[in-house]
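Some notes on the structure that comes next.
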Amino acid sequence: MNPFSWNIVTDLRSMWQYAFMRNAFEAGTVVAIVAGIVGYFVVLRRSAFATHALGHVGFSGAAGAVLFGFNPVYGLLLFTTGGGTLMALLGRRAATRDIEIGTVLAFMLGLGLIFLSLYNGYATEAYSILFGEILGISDAGVILTLEAGALVLGALILMYRPLLFSSLDEDVAEARGLPLLALNLVFMLLLAVAISFAVQVVGVLLIFALMVTPAATAVRLTQRPLYAIIVSASVALFSIWAGLFIAWYEQYPPSFFIVTTAFVIYAVVRIGPTVLDLVERAVGAPSRRASPRTPSPAVTPHVDPQAPR
Amino acid sequence: MGGTFSRPTVPSDAASSIRAFHLTVGYRKRRTPVWQDANFEIRTGEFVAVIGPNGSGKTTLFRMLLGLQRPARGRLEVFGEAPRRGNPRIGYVPQRHTIDTDTHVAADALVRLGATGTRWGPGISIQGPKEAAAQALAAVGASELGHRALGALSGGELQRVFLAEALAGNPEMLLLDEPLSNLDLRRSRELVEVVHELVRARHVTTLLVAHDINPLIRCLDKVIYIANGRVATGRPDEVLTSESLTALYGVTVEVLHDSRGNIVIVGGENPHEANA
Numbered sequence: 020m021n022p023f024s025w026n027i028v029t030d031l032r033s034m035w036q037y038a039f040m041r042n043a044f045e046a047g048t049v050v051a052i053v054a055g056i057v058g059y060f061v062v063l064r065r066s067a068f069a070t071h072a073l074g075h076v077g078f079s080g081a082a083g084a085v086l087f088g089f090n091p092v093y094g095l096l097l098f099t100t101g102g103g104t105l106m107a108l109l110g111r112r113a114a115t116r117d118i119e120i121g122t123v124l125a126f127m128l129g130l131g132l133i134f135l136s137l138y139n140g141y142a143t144e145a146y147s148i149l150f151g152e153i154l155g156i157s158d159a160g161v162i163l164t165l166e167a168g169a170l171v172l173g174a175l176i177l178m179y180r181p182l183l184f185s186s187l188d189e190d191v192a193e194a195r196g197l198p199l200l201a202l203n204l205v206f207m208l209l210l211a212v213a214i215s216f217a218v219q220v221v222g223v224l225l226i227f228a229l230m231v232t233p234a235a236t237a238v239r240l241t242q243r244p245l246y247a248i249i250v251s252a253s254v255a256l257f258s259i260w261a262g263l264f265i266a267w268y269e270q271y272p273p274s275f276f277i278v279t280t281a282f283v284i285y286a287v288v289r290i291g292p293t294v295l296d297l298v299e300r301a302v303g304a305p306s307r308r309a310s311p312r313t314p315s316p317a318v319t320p321h322v323d324p325q326a327p328r
Numbered sequence: 000m001g002g003t004f005s006r007p008t009v010p011s012d013a014a015s016s017i018r019a020f021h022l023t024v025g026y027r028k029r030r031t032p033v034w035q036d037a038n039f040e041i042r043t044g045e046f047v048a049v050i051g052p053n054g055s056g057k058t059t060l061f062r063m064l065l066g067l068q069r070p071a072r073g074r075l076e077v078f079g080e081a082p083r084r085g086n087p088r089i090g091y092v093p094q095r096h097t098i099d100t101d102t103h104v105a106a107d108a109l110v111r112l113g114a115t116g117t118r119w120g121p122g123i124s125i126q127g128p129k130e131a132a133a134q135a136l137a138a139v140g141a142s143e144l145g146h147r148a149l150g151a152l153s154g155g156e157l158q159r160v161f162l163a164e165a166l167a168g169n170p171e172m173l174l175l176d177e178p179l180s181n182l183d184l185r186r187s188r189e190l191v192e193v194v195h196e197l198v199r200a201r202h203v204t205t206l207l208v209a210h211d212i213n214p215l216i217r218c219l220d221k222v223i224y225i226a227n228g229r230v231a232t233g234r235p236d237e238v239l240t241s242e243s244l245t246a247l248y249g250v251t252v253e254v255l256h257d258s259r260g261n262i263v264i265v266g267g268e269n270p271h272e273a274n275a
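Chains F and Z, in that order, are what the protein sequence lines are.
Under the numbering used here, think of the first position of the first sequence as 20, with each following residue one higher.
Under the numbering used here, think of the first position of the second sequence as 0, with each following residue one higher.
Here you go:
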């Protein structure tokens with residue numbers, strides 16, 4: 020293994036000599052793009068809780084698959100799509116959705132517990148489901164990820180405008196004849212598939228870093244839905260590549276670096292403007308917010324203590 | 000009120016947008032109908048206020064016109080046909096109190112969806128909807144709001160954007176549910192001006208649910224007054240009289256006028272509903 024050089028291309032080439040790294044980058048790229056795009060609708064529809072719940076439901080499915088000797092991803096798919104269908108059918112309107120999601124989540128996590136207690140193997144299986152195992156993706160796993168990703172993207176392209184409309188303005192979309200129940204059901208299924216594959220990369224517990232954080236970053240950078248989707252996918256993609264890249268040189272779990280990268284980008288976008296503003300005020304530069312009635316920055320009590328940041 | 004159409008086989012009239020024959024509305028779980036035996040006609044291009052106490056069934060009328068709810072009895076016609084869900088000839092602004100302040104989506108993206116939001120498949124033609132959205136925003140005097148985030152708009156600005164969203168589909172009828180409810184008197188009058196202008200310029204039939212008739216009263220062609228399970232329809236000066244409302248409510252109601260033409264309704268089940 021070559022040491023780190025500032026020539027990123029050479030570094031990547033040396034990583035890609037190894038099949039597991041190529042697979043990680045390939046599957047990671049597909050997962051990032053899909054999660055970033057689906058994530059935009061998660062943020063718009065305020066389905067963060069559903070995302071969280073489906074990840075956990077998926078854990079139960081994966082535990083069941085391990086118990087019965089199947090590939091965990093099939094257990095994940097079975098449970099997330101089943102759970103997503105239940106959630107969609109029970110909670111049609113956004114206002115009541117959380118309660119239904121919570122009840123389905125509790126029930127299906129109970130199944131996960133019984134699967135785990137029946138399973139006498141090692142805890143490593145459970146650990147990799149909880150925190151992801153991007154370096155353990157097989158060639159067949161990459162192909163499967165690619166197929167699932169193409170399916171989700173194709174469906175999203177076909178239903179882009181109706182889904183956007185029903186996410187932003189449910190009542191009008193209903194009056195205009197859009198099938199809200201079907202749209203919600205299909206979206207939950209797409210979310211379930213996206214989550215099942217994202218779990219390979221970051222695991223059940225860190226799913227938010229791919230499904231919510233990039234989109235939450237994007238909506239703060241642009242108000243155009245299409246641009247926000249592109250930014251969201253790009254942030255997710257950068258997080259995964261950066262995470263894998265760093266993990267190659269620092270022997271810690273890639274999931275940690277992926278999640279941290281995504282969070283740092285979010286934090287910069289979220290508090291960056293505020294910090295800049297505070298610094299600007301503290302150094303006494305003419306602020307665009309200054310008005311005759313505003314007291315001078317130096318005597319505004321809540322500004323000064325934070326300014327040194 | 001009432002009795003104008005004794006048979007549900009009145010010859011179709013091209014200038015008529017809405018016709019109700021012995022229309023009765025109820026929910027399955029409630030034994031008594033919300034209101035019953037309403038007969039009225041709304042002609043194309045009329046500006047109509049739908050007035051009545053809370054829970055009297057004003058929104059229910061809209062739900063029936065939109066095909067979201069069926070009449071319990073009687074018949075309702077929209078443009079000469081039975082109401083159907085998704086009728087592109089109707090633009091709808093539902094009653095909404097607020098929009099989440101962290102909705103980081105540009106207003107014109109929503110308006111654009113009003114034009115193309117029901118289309119499936121990849122949306123290649125960006126230019127057409129963009130222009131439709133710009134025109135709709137201009138028509139409600141909100142061109143400068145297009146690039147602003149929905150979550151950052153005030154109540155009055157939001158109502159204009161919602162109106163533009165409804166207009167973007169080029170409807171022949173507008174159903175506006177309580178667009179004035181969260182606006183102060185000045186903003187109310189401004190929005191009514193915008194709507195009135197649209198009704199006149201585009202000849203679009205408009206029904207507007209309101210609590211207070213006063214900001215509207217000078218522009219209206221007709222009033223649909225729903226109270227006490229019954230419906231009275233007619234010109235404002237016919238419906239909004241002590242005699243007519245007393246007959247509707249079944250108890251003494253008085254309609255008082257001030258020097259500037261504002262009215263106050265005293266009595267009835269809910270004496271405050273028509274006050275400013």
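Each residue gets a CB set at the ideal place from its N, CA and C atoms; glycine is no exception.
Pairwise C-alpha distance: residue j and residue i
i, j, result
"Z:P32", "Z:G25", "4 Å"
"F:L329", "Z:W34", "Chain F is shown only over 20 to 328; residue 329 of chain F falls outside these bounds and no answer can be derived."
"Z:D176", "Z:T58", "7 Å"
"F:I249", "F:A228", "17 Å"
"F:R243", "Z:T117", "18 Å"
"Z:S22", "Z:D107", "Looking at the sequence shown, residue 22 of chain Z is not Ser but Leu. The straight-line gap from Cα to Cα measures roughly 38 Å."
"F:G151", "Z:A138", "53 Å"
"F:A261", "Z:Q134", "45 Å"
"Z:R18", "Z:E171", "15 Å"
"Z:T251", "Z:R217", "26 Å"
"Z:L173", "F:F276", "53 Å"
"F:S306", "F:R300", "Per-residue confidence for F:S306 stands at a pLDDT of 48, beneath the threshold of 50, marking its modelled position as unreliable; the derived number appears in the next sentence. If you take the alpha carbons of F:S306 and F:R300, they lie about 6 Å apart."
"F:G131", "Z:A81", "51 Å"
"Z:P121", "Z:F20", "43 Å"
"F:A51", "F:L240", "19 Å"
"Z:E130", "Z:L197", "18 Å"
"Z:V222", "Z:L162", "21 Å"
Backbone secondary structure at residue i - three-state DSSP
i, result
"Z:Y26", "coil"
"F:R41", "helix"
"F:P316", "With a pLDDT of 42 at F:P316, under the threshold of 50, the predicted position of this residue should be treated as unreliable, though the coordinate-derived value follows. DSSP places F:P316 in helix when its eight states are reduced to three."
"Z:H256", "strand"
"Z:D183", "coil"
"F:I226", "coil"
"F:W260", "helix"
"F:H75", "helix"
"Z:N169", "coil"
"Z:N38", "strand"
"F:S24", "coil"
"Z:R74", "strand"
"Z:V198", "helix"
"Z:V263", "strand"
"Z:S16", "strand"
Of the listed residues the options, nearest to residue i (C-alpha basis)
i, options, result
"F:S186", "F:N21, F:G168, F:N139, F:V61", "F:V61"
"F:F282", "F:Y246, F:A235, F:P272", "F:A235"
"Z:A114", "F:V28, F:A192, F:P244", "F:A192"
"Z:S258", "Z:L244, Z:N213, Z:S241, Z:G228", "Z:N213"
"F:L209", "F:T29, F:Q270, F:L200, F:G103", "F:G103"
"Z:L65", "F:M40, F:D190, F:E269, F:Y271", "F:D190"
"F:L202", "F:S253, F:L108, F:T48, F:T232", "F:L108"
"Z:G73", "Z:I262, Z:A37, Z:V49", "Z:A37"
Beta carbon of residue i nearer than 8 Å to that of residue j
i, j, result
"Z:Y224", "Z:V238", "yes"
"Z:L182", "Z:G145", "no"
"F:M106", "F:W267", "no"
"F:I284", "F:V220", "no"
"Z:R219", "Z:A231", "Per the sequence shown, the amino acid found at residue 219 of chain Z is Leu instead of Arg. Cβ atoms of Z:L219 and Z:A231: not closer than 8 Å."
"F:G74", "F:F98", "no"
"Z:L166", "Z:V160", "no"
"Z:L112", "F:L177", "no"
"F:L245", "F:V53", "no"
"F:Y138", "F:A82", "yes"
Heavy atom of the ligand SAM within 7 Å of residue i beta-carbon
i, result
"F:R41", "Summarising the ligand content, the structure contains no ligands, and the ligand SAM is consequently not present."
At a Cβ cut of 7 Å, what residues of the stretch 80-114 of chain Z count as close to chain F, listed as they run along the chain? R84, G85, Y91, P93, H103, V104, A105, A108, L109, L112
Taking Cβ-Cβ distances below 7 Å as the criterion, which residues of the stretch 175-190 of chain F are in contact with chain Z? I176, L177, M178, Y179, R180, P181, L183, F184, L187, D188, D190
Mind listing which residues of the stretch 192-223 of chain F have their C-beta closer than 8 Å to chain Z's C-betas, in chain order? A192, E193, A194, R195, G196, L197
Any C-beta of chain F within less than 9 Å: which residues of the stretch 211-232 of chain Z qualify? none
Compile a chain-ordered list of the residues in the stretch 236-257 of chain F whose CB is closer than 7 Å to at least one CB of chain Z. V238, R239, Q242, R243, P244
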